[in-house]
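K.L.:
Protein sequence lines correspond, in order, to chains A and B. If you want our numbering, it's the 1-based position in the first sequence plus 39. If you want our numbering, it's the 1-based position in the second sequence plus 39. Even for Gly, the Cβ is constructed at its ideal location relative to N, Cα and C.
Protein chains: 2
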Amino acid sequence: MTELSVRFDSTTEPVAVPAGTLLVDAARLVGVDIQQPCGGQGRCGRCAVRVASGNVRRRSSLRLSQEDLAAGYALACQTVVEGDVSIEVPPPEQIERRLTTVHAAPEAVVPAGYDPAMVQTVRQVVLELPHPSMDDQTDDWGRLTTALRVATGIDRLDCSLEQIQTLGPLLRRSHWDVAVTFEEVGPEHGRLIAVAPASEPLGSWGLAIDVGTTTVTVWLVDLQTGRVVRQASEYNRQVMKGEDVISRIIYSTRGEGRQELRSLVLETINQLVDRVCGRGDVKPEVVVKAVVSGNSTMMHLLLGIPAESIRLQPFITAINHPPALRAAEVGLLMHPDGAVDVLPGVAGYVGADISAGVLAAGFHESDETTLFIDVGTNGEMVLGSSDWLVTCACSAGPAFEGAGVEHGMRADTGAIEEVWIDAGTYEPSCRVIGGTAPRGICGSGLIALIAEMFLTGVLDKGGHFNRDLETNRIRQGEHGLEYVVVWGGETEAGHDIVVTTVDVDNLLRAKAAIFAGFIVLADRVGVPLEAVQRVLIGGSFGKYINVEKAIDIGLLPDMPWDHFDFLGNTSVMGAYLALIDRSARDRIAEIASHMTYIELSADNSFYDAFTSALFLPHTDLTRFPSVAAALT
Amino acid sequence: MTELSVRFDSTTEPVAVPAGTLLVDAARLVGVDIQQPCGGQGRCGRCAVRVASGNVRRRSSLRLSQEDLAAGYALACQTVVEGDVSIEVPPPEQIERRLTTVHAAPEAVVPAGYDPAMVQTVRQVVLELPHPSMDDQTDDWGRLTTALRVATGIDRLDCSLEQIQTLGPLLRRSHWDVAVTFEEVGPEHGRLIAVAPASEPLGSWGLAIDVGTTTVTVWLVDLQTGRVVRQASEYNRQVMKGEDVISRIIYSTRGEGRQELRSLVLETINQLVDRVCGRGDVKPEVVVKAVVSGNSTMMHLLLGIPAESIRLQPFITAINHPPALRAAEVGLLMHPDGAVDVLPGVAGYVGADISAGVLAAGFHESDETTLFIDVGTNGEMVLGSSDWLVTCACSAGPAFEGAGVEHGMRADTGAIEEVWIDAGTYEPSCRVIGGTAPRGICGSGLIALIAEMFLTGVLDKGGHFNRDLETNRIRQGEHGLEYVVVWGGETEAGHDIVVTTVDVDNLLRAKAAIFAGFIVLADRVGVPLEAVQRVLIGGSFGKYINVEKAIDIGLLPDMPWDHFDFLGNTSVMGAYLALIDRSARDRIAEIASHMTYIELSADNSFYDAFTSALFLPHTDLTRFPSVAAALT
C-alpha cells in the first residue's frame, strides 16, 4: 500500500500513512491534538482543518459552507488522505468562531451624536440666581423657576411639598448658585428632581431595569455620555414563592402575599442597584432616573397593584401605561425624587418587555416580515414589520433561564453553555463560561444537551431515555432516569451534574409552547413560514445560542441560520434606549398602543400545535428537513 | 306755665308737661321706656323717636341725617316740647338698625346660575363602563379614562400609585358602574381624587379655610349647591407659642419648633373641620377639596416650609404660589386624595389672605379708588381700583381679635360687642352677642369701649386713665389701672370683666400701626385722602363694627360713614369663591401676580406716622373734625 506523507503545520516532521487514512488518525500519530467532541461523527464541525496542498477525499462536509470548502477546509474525522498533503490546524478558538452557530448578542451601543440635553428626559442645568434684595423680593420658588424658564424654556415645574420645604435653606447655603435636575414631562413642562449647590452638583446617572419572572437585570448608565457603565443580573427573589407568573399571582392573593412579593422583587432590584453602583462608588442618590421594563404581572407586583385579574378570564391588567412615578413611592434605591418610568405594555401576557423589545429589535425601521421571540419564563412573540404588528404569548416556564431544572443556573461563570456527545461512547464534552470547573447548566447548555442526547440516541423522539445504551452516564436517579453530564470529581461543588427525565420534560414543554405559539400566530395572520425574512430572538438565554441545536430540538423553525439573530435581553435594551432617548420612549408607547394582541387561550388550534410540538423535534418531521437529514 | 300735651303711640293717654320739657322726661312720666345708653348726652342716638305732629325744638341732632330730620326724627334726650305733640317710639331693634353705624358683613351668597359642573374645579361624574371580555381586554385604567374622556373631554388624568393599587378590585366590586371624582388642573387635564361605586357615590363637599395668625375659620360648603352649610372659628393653637408672626417664626427655628407649629395649626383646623362636619354628620372622607387662605407666614408654617427668611431682611418667602397639593401630604382631615389649593400671596407680609380678600372685596370690578384694609393680627392694606393695586403691611397685633387682651375673646356668644358709657356716672351699658351674660370683650367691643372711655374722659388723649373721676369702676388692678366693664355678679364666669391700661396700650399701638400704614400708602402713591371713594374693611373684627367709634379712636380716617363697608372675613370669603368658581381662583392668582408691594420697613415716614397716631384719635386733631366736634 502506498505510504503517503502528511505534514501538519504545527510539527516539523511529516508522518507517513497509508492512503485512505483519516486525517484525525494521522494527526494522532504525530501527537497533534484535534478536538472531536462529537466523537468523530462529523456532526460538530470542531475538527475542521485546512488542506493547504495535496489530495484528500471528504466523506462528509456537514458543517462546512461552500466558502469553507473553496478555502480548503475539511472535517478531519470525515476526510481521508489520497496523496501527500500539508494540513493547517487552526487554533480551537478560530474554529469555534468560524464554525459554531453562535451569535453574540450585541452590546449596548450609544447612539451616534448622543447629546444628553437633547435626547434625555432628565436634564441638569446650572443656574446663577439673582440675589434677593429690598428691590427684588421675589419668592425663592419664583426666583428658581424664572431662571429655569429663561435657561430651558420650562414654563411649568411640578414639585413636591418636601422639595419646597428644603428649598429656602438650600438656596441660601448655595449662595444662589445651584444645579437643578428635572424631568421633562411635556412641552415646557417639567418635574423637579433635585436642587443642589452648583459647587456640589448631583451626578446624572440612570438605571435600565428588566424585571423578569425569573431573572432581574440592572444596567447603570452614565447619562452624561449615555454609556452603560455596569450590568448585573440575579434571580428574582420572588422565585421562592412560585416559578411562573400564575403561581406568583396566586401567591399574591393570599394574606400579605402581594406586599411580600413586592418586597422580594424590590430587594432583588435594590441589591443589584447596590452592586452596579459599586457598593458606594456611585452613590445611589445620584441616580436620578430609572426606566423599568418587564412583563405585566411583574410590573403589577413591583408596583403593589393587584394582579389577580390577569390570571382570570378575560385576563385584564389593572394598567398598561403606568403614570410617571417617584422613586420613593416605588421603593427603588436611588434619589427619592428620581423619576421612575415603568414602560407601557400591551396586555396581561404581553408586557412592557415586549413593547421595549420590539423597539430594541428595530422593528419600527424594518420593511422585512420579522418574527420576534422573547424567550423568558413566558414566551412572547411578535410578527410584523414597521407597518403592522401582531403578538401573542404562551407559557414556557423558567427552564431556558436555568431555573426549575435540577442543575440549572443562569448564564454565568461556571455554567455549561455548549455540549457535544460522542455518538459511540456517549461521553459528553462541554464548554463552560469562564473556562472554570462547571457549576451547572444554563439555558443554551440545556438546549445543546437535549439536542445532542436526541441526535446520539440517548433520548428518543418522545424525550424518553434509552436505558439500553452501554454507558454508565445513563442511570436511575432519585426522580427517574438521568444522564450524568459531568462527574462530581470535575465539578466545582464536587457532585455530579445531571439532567433528569423531569428536566427533559420541562424543556420539551417549554420549547413546544414557544413553537406552537409561533405556528398559531403565523396561521392566524395568514403569513406562511417561508414569508418570514428574519427571526429575532431576545430573552434570557444568555449571551450565546446555538441555532442549529435550537432547530434540532424543534424550538426554532428550520430556516437557514443566517435568518436568525440573537439579540440578548431586548427588554433591558429597550429600557436603556428609553432612558437615554426620549423619542425611543415615545416609540415604545406607540408600539404598545398599536400592537394587536391575539389571545391564544381563546384559540383552539394552540393546544393541537402544542401537542404536536411535544416531540423531538416535532411529530411532523417534514417541518425540520435539516434535522431529518442529520438523523439519517 | 303752659301745660302741653304729649302723646306717645304706645300709650292711650297723653301726658301734660310744661313747655321745654325733654321728651325723655315726658316719656318717663307715662312709663314709656326710652333707651339712653350714653346717659342723655345726645351721643349714642339710641333715644331717637319720630315726632308725628306738633312743635319741638332739637337742641342737638348729632346722630340724625337730613333724611331722618325730614322724616321727623329727633333725639328724645336733646329735644324739648314746644307745643302739643304726638310721638312715635320705634322698637329698639328698628333704632338699632337705622341709627347705629353698624354694618353687617355680607353672608356668603351663592352666585346666580351656580352650576357645579361649570364653575368648580372638582367634578363628579357617574360612568357606566363597558364590561371587559375576551373581545375587549382593555386594561382597567384605560377603560376608566376612556369613558371619562368621552363623558368630560378630560384627556389626561393624573393619579397616584395608591389609586391604581385599589382600582381593579373596586371596579369589579362596583360592577363597572362608578362615580368618579376628579379635579380639573388644566385644559383637558385632570387629577383623580376618588373612584366609588355608583351606588355609593362620594359626596361632594368642600372647605374654605382661613388660617389667621390668631383665628382660624373653616366653612363647610356643599359643592353641589355652592351653599355654605356650616362655619366655625377658633383661636389658632399656635398662639401659645407666640402672638404674632415674628414670634412664631422665631419659635419655628428652634429645635422641633417648625414641626410643632405645623401640628398645632393642623390640630386647630382639623378640630374645626370635625366641628363643621357635625362630628360625623358629614364624613370628612367626602370632603374632596379645600381652599386655604392666610398670611404668608401661616401658609409656610401650615405646609412645614421654613419661614425664617420672611423675618430677616429682605423678607423673602420660600414660595408665594404653592403647587396643587393632596390632602394627605398637607395633613388635612378630609379625603386623603382630596385637592388642597393653598391660595397665592404677594410677599412676606401680604399673603393669600389679601389676594383672596381683594377678590372678595370686588376690587377687580370697581372703577372707584378704593382702600381695602384687612385688620387681623397684621394690618394689610390695598389701595387701587380695577386698573392698579398697591399694597403694604404693618404689624397690628392680635388685640382686634380679642387676643392679648385681659378679657378679650372672639366675636362669639357672650362677647361684649358694643358699649356706651354714661358721661355723668361713668356707668357702661353693653350689647352682648346672643344676649347672654357676658364672657368677655371682642374686637368691636374693645373699639367701642376705648372710644367711650375717651369721649367720657375716662381716658385722656394719651390713653391714660383719669383716676380722679368719681366712680368705683376705675381702680388699681394687678397690672396698673383698669376699668370695670361688668361686675362679676353679672358675668358668666362670676368675676369682673375689666379693660386694663395694658389693654389700652395694646389697642392704641394696633390702631396706630393701621392708621400709619394707610397714611404712608396714600402718600407714596400720591393719592390724597379725599380721593378715596370707598373704604372696605375685612378681617376678624367679628360681624359688626361701629364706624363712628372706630373713627373716634383714630383707627379709621374721618370720612362720611357711607364711604365705609365692613366685609367681615374677606380671606375666607375669597377662599370660598375660589372653591366654588374656577374663574375666581384664576383672578386671585392674577391679583397676586399684579399687585405692587411697598415695603414699609424701608420707608422712614412710617415710624413718624405711627408715633403721631399713638394718640386718641391722633396728635393732629384736624384730621378728625367729627371727633373734634363731638369733644366740644
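Within 10 angstroms of its Cβ, does residue 222 of chain A collect 16 or more other Cβ (buried), or is it exposed?
P.N.:
Burial is judged here by how many other beta carbons sit within 10 angstroms of a residue's own beta carbon; residue 222 of chain A has at least 16 and is buried.
K.L.:
Mapping the DSSP letters down to three states, classify residue 151 of chain A as helix, strand or coil.
P.N.:
DSSP places residue 151 of chain A in coil when its eight states are reduced to three.
K.L.:
Measuring only the C-alpha atoms, how far is residue 407 of chain A from residue 574 of chain A?
P.N.:
10 Å
K.L.:
List the endpoints of the continuous alpha helix (DSSP H) containing residue 603 of chain A.
P.N.:
Careful: residue 603 of chain A lies outside any alpha helix (DSSP H), inside the beta strand (DSSP E) at 603-607.
K.L.:
For residue 389 of chain B, which residues in the same chain have their Cβ closer than 6 Å to its Cβ, ignoring the five residues on either side in sequence?
P.N.:
419, 430, 432 and 636
K.L.:
Would you report the Cα separation of residue 411 of chain B and residue 189 of chain B, rounded to the nearest angstrom?
P.N.:
45 Å
K.L.:
With a threshold of 7 Å between beta-carbons, can residue 338 of chain A be considered close to chain B, or not?
P.N.:
no
K.L.:
Does residue 173 of chain B come within less than 7 Å of chain A when only Cβ atoms are used?
P.N.:
yes
K.L.:
What does residue 305 of chain A touch in chain B if you count any residue whose Cβ is under 8 Å from its own?
P.N.:
Result: empty, since nearest Cβ-Cβ is about 13 Å, beyond 8 Å.
K.L.:
Run down chain B in chain order and give the residues with a C-beta less than 7 Å from the C-beta of residue 386 of chain A.
P.N.:
176
K.L.:
From residue 581 of chain A to residue 377 of chain B, what does the alpha carbon distance come to, in whole angstroms?
P.N.:
In this prediction, residue 581 of chain A scores a pLDDT of 44, lower than 50, which makes its location untrustworthy; the coordinate-derived value is nonetheless stated afterwards. The alpha-carbon atoms of residue 581 of chain A and residue 377 of chain B are separated by roughly 49 Å.
K.L.:
Strictly under 7 Å for the Cβ-Cβ distance: is residue 376 of chain B near chain A by that measure?
P.N.:
no
K.L.:
Under 7 Å Cβ to Cβ from residue 227 of chain B, same chain only, skipping five residues before and after it: list those, please.
P.N.:
So the qualifying residues of the chain are 192, 193, 194 and 195.
K.L.:
Using a Cβ-Cβ cutoff of less than 8 Å, which residues in the same chain neighbour residue 531 of chain B once the five nearest sequence positions on both sides are dropped?
P.N.:
453, 475, 476, 477 and 478
K.L.:
Is DSSP giving residue 663 of chain B helix, strand or coil here?
P.N.:
coil
K.L.:
What do you get for residue 59 of chain B, buried or exposed, if any count of 16 or more other CB atoms within 10 angstroms of its CB means buried?
P.N.:
Exposed, since its Cβ has fewer than 16 Cβ neighbours within 10 Å.
K.L.:
Apart from the five residues on each side of it in sequence, which residues of its chain come closer than 8 Å, Cβ to Cβ, to residue 534 of chain A?
P.N.:
527
K.L.:
Once you ignore the five residues that flank residue 303 of chain A on each side, which residues in its own chain have a CB closer than 6 Å to its CB?
P.N.:
276 and 277
K.L.:
Whose CA, out of B:108, B:159, B:152 and B:463, lies closest to the CA of residue 380 of chain B?
P.N.:
B:159
K.L.:
Roughly how many whole angstroms lie between the Cα atoms of residue 555 of chain A and residue 545 of chain A?
P.N.:
15 Å
K.L.:
Below 6 Å CB to CB, which residues in the same chain sit around residue 487 of chain B once its five sequence neighbours on both sides are set aside?
P.N.:
457, 458, 585 and 588
K.L.:
Could you tell me whether the Cβ atoms of residue 121 of chain A and residue 98 of chain A are closer together than 7 Å?
P.N.:
no
K.L.:
Just the C-alpha distance for residue 447 of chain A and residue 272 of chain A, rounded to the nearest angstrom, thanks.
P.N.:
Roughly 16 Å separates the two Cα atoms.
K.L.:
Who are the near neighbours of residue 615 of chain A in its chain, counting only those whose CB is closer than 7 Å to its CB and skipping five residues on each side?
P.N.:
Spatial neighbours of residue 615 of chain A in its own chain (CB-CB distance under 7 Å, excluding positions within 5 residues in sequence) are listed in chain order as 147, 247, 258, 260 and 267.
K.L.:
Give the DSSP bridge partners of residue 504 of chain A, in chain order.
P.N.:
A:498
K.L.:
Strictly by DSSP, which residues pair up with residue 197 of chain B?
P.N.:
According to DSSP, which records beta bridges pairwise, residue 197 of chain B is partnered with B:230.
K.L.:
Going along chain A, which residues have a C-beta under 7 Å from residue 354 of chain B?
P.N.:
176
K.L.:
Excluding the 5 residues flanking residue 516 of chain A on each side, which residues of the same chain have their C-beta closer than 7 Å to its C-beta?
P.N.:
537 and 539
K.L.:
Check whether the Cβ atoms of residue 305 of chain A and residue 291 of chain A sit closer than 7 Å, and answer yes or no.
P.N.:
no
K.L.:
Between the beta-carbon of residue 513 of chain B and the beta-carbon of residue 480 of chain B, is there less than 7 Å?
P.N.:
With respect to residue 480 of chain B, residue 513 of chain B sits apart: the two C-beta atoms are not nearer than 7 Å.
K.L.:
Between the segment 197-208 of chain B and chain A, which residues of the former have a C-beta closer than 7 Å to a C-beta of the latter?
P.N.:
Answer in chain order: 197, 198, 200, 203, 204, 206, 207 and 208.
K.L.:
When you compare only the Cα positions, how much space is there between residue 220 of chain A and residue 623 of chain A?
P.N.:
21 Å
K.L.:
Could you tell me whether the Cβ of residue 111 of chain B comes closer than 7 Å to any Cβ of chain A?
P.N.:
no
K.L.:
What span of residues does the alpha helix (DSSP H) with residue 338 of chain A cover, start to end?
P.N.:
Its alpha helix (DSSP H) spans residues 335-341.
K.L.:
Any C-beta of chain A within less than 8 Å: which residues of the segment 582-599 of chain B qualify?
P.N.:
For the segment 582-599 of chain B, which is checked against every Cβ of chain A, not one residue is closer than 8 Å.
K.L.:
Near residue 112 of chain A, what residues of its chain come up, given a Cβ to Cβ distance below 6 Å and the 5 sequence neighbours on each side ignored?
P.N.:
87, 89 and 103
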